[in-house]
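Each residue of the sequence shown is one higher than the one before, starting from 436 at the first, in our numbering.
To start, the structure under review is shown below, and the notes come after it.
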Amino acid sequence: MSHPASSAPAVFTTPFGDFDLTRYPEDPRDQLRAWDAADGYALRRLAGVPGPEGVDVPAVDLGGEVVVVGDRWGALTTALEAHRPTLVTDSFLTVQATRANVARNGSPSGARVVTTQDPVPARIDVLIVRVPKSLALLEDQLHRLAPSVHEDTVIVGAGMVTEIHASTLDLFARILGPTRTTLAEKKARLILTTPDPGLARPDNPWPHSYALPPDVGAVSGRTVVNHAGVFCAERLDIGTRFFLGHLPGPAGQPTRVVDLGCGNGVVGTAVALADPSASVTFVDESYQAVASAEATFRTNVPDGDAEFVVGDALEGFPPGTADVVLNNPPFHSHQATTDAVAWRMFTGARRALRPGGELWVVGNRHLGYHTKLKRIFGNGEVVASDRKFVVLRAVKAGRRV
């Protein structure tokens, strides 16, 4: 049986000290680390440790406003805690991991956390950017950060070699200023940018909207709003398209529906359009996703009954209160392929559902979700399938009261 992916505390050795770090949520059975070589490389550069070029570099003055963008599990923020950094993140899991790691290492709570939907500091003296998987999210964040950068700002980007491409460097150069990369070290690379406050930047293209195709049920032809970094932000993905054709119909009585891992909210919005009596809760661990879902819903169902929650699966959701949970679970955590998120979503759904409540899941056929649902719910049936996708339904034991 697979288990949720998180890591037991392990020591991250840096020029700023040694730190016990873990991913979130914690699970001592998993050995994935809460940092990688790119985090270490960036911290050594800030401390003035020579890199593979063999050239002496001065330590960076960290006495001003230090901003860390896209920290994965809080490794950078925890190491720099004494300098009171501001963490900018799109991830609820990152927020929780960072707070736990800071507390675990006995640091004062000097770090400030803001989301990608919040204003950034008005002045940034040191900017450390962990390159995200989404080029669109990087583009949006650099646009939002650029007005706060001045000519003396130190800008260091960091990522694994496989994460940094010509298009990545082009974004730094077009939005912030002249950019170069370092040599690779332990399969990691740094991006060094000299800020140009006078640079004529292009407009930020995010958020982005598009019209849905005419053959996807209740949301046919409707407008979807997407903030940067949301899955398939420029078109409807084929898995969601398949799900939209096989959603449960109106129950004939008011229902509480949860769009779990809501992304841009198109599935929950489809339910609300098909059944105006339904109350829909949109849940995602991405602040960008929840903002997208709210914009999509309000654009199409301005008077609908909905709430929008940023959180980890259904942790904290009132147990036994949902009638239907709809879910298209991700199977990646950053660069790692994992079923940990699906396990948390499925077990959380069972806890949140009323007796007789139903979990509907869409996924690639090869992921074997039917086996997981039978272990968790004791049942599971195929609602629809094609060569690539399957829609499954599991029912919580008991009768609805």
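All C-beta atoms in this analysis are idealised placements derived from N, C-alpha and C, irrespective of residue type, glycine included.
Rounded to the nearest angstrom, the Cβ distance from residue 532 to residue 509 is 5 Å, consistent with a contact under 8 Å. Between residue 560 and residue 483 a beta carbon distance of about 16 Å is seen, past the 8 Å cut, so the two are scored as non-contacting. Taking all protein chains shown into account, residue 823 has fewer than 16 neighbouring C-beta atoms within 10 Å of its C-beta and is therefore exposed. In this structure, the beta-carbon distance from residue 597 to residue 611 does not fall below 8 Å. Membership of residue 717 in any alpha helix (DSSP H) is not indicated; the residue belongs instead to the beta strand (DSSP E) covering 714-719. For residue 602, the uninterrupted alpha helix (DSSP H) run begins and ends at 601-610, by DSSP. Counting only residues of its own chain and dropping the five nearest sequence neighbours on each side, residue 602 has a CB closer than 8 Å to the CB of 570. Residue 787 is a Cβ neighbour of residue 756, given a cutoff of 8 Å. Of the residues assessed, residue 590 falls on the buried side of the cut-off, its CB having 16 or more other CB atoms within 10 angstroms. Nearest to residue 667 by C-alpha distance, out of 551, 645 and 450, is 645. Separation of residue 709 and residue 650 (C-alpha to C-alpha, rounded to the nearest whole angstrom) is 14 Å. With a threshold of 16 other beta carbon atoms within 10 Å, residue 719 meets it and is buried. When only Cα atoms are considered, residue 809 and residue 801 end up about 16 Å apart. According to DSSP, residue pairing for residue 620 in a beta bridge involves 623. Of 568, 587 and 607, the smallest CA-CA separation from residue 579 is found for 607. Remark: C-beta atoms of residue 813 and residue 827 do not approach each other more closely than 8 Å. With 16 or more other Cβ atoms from the protein chains shown falling within 10 Å of its own Cβ, residue 575 counts as buried. Put simply, of 457, 694 and 567 the residue whose alpha carbon is nearest the alpha carbon of residue 536 is 457.
The alpha-carbon of residue 474 is positioned some 49 Å away from that of residue 712. In this structure, residue 613 lies away from residue 638, with their beta-carbon atoms at least 8 Å apart. It is roughly 21 Å from the alpha-carbon of residue 715 to the alpha-carbon of residue 527. Each of 558, 777, 619 and 696 was checked against the Cα of residue 487, and the nearest Cα belongs to 619.
Residue 760 sits away from residue 724, with the two beta carbons spaced by 8 Å or more.
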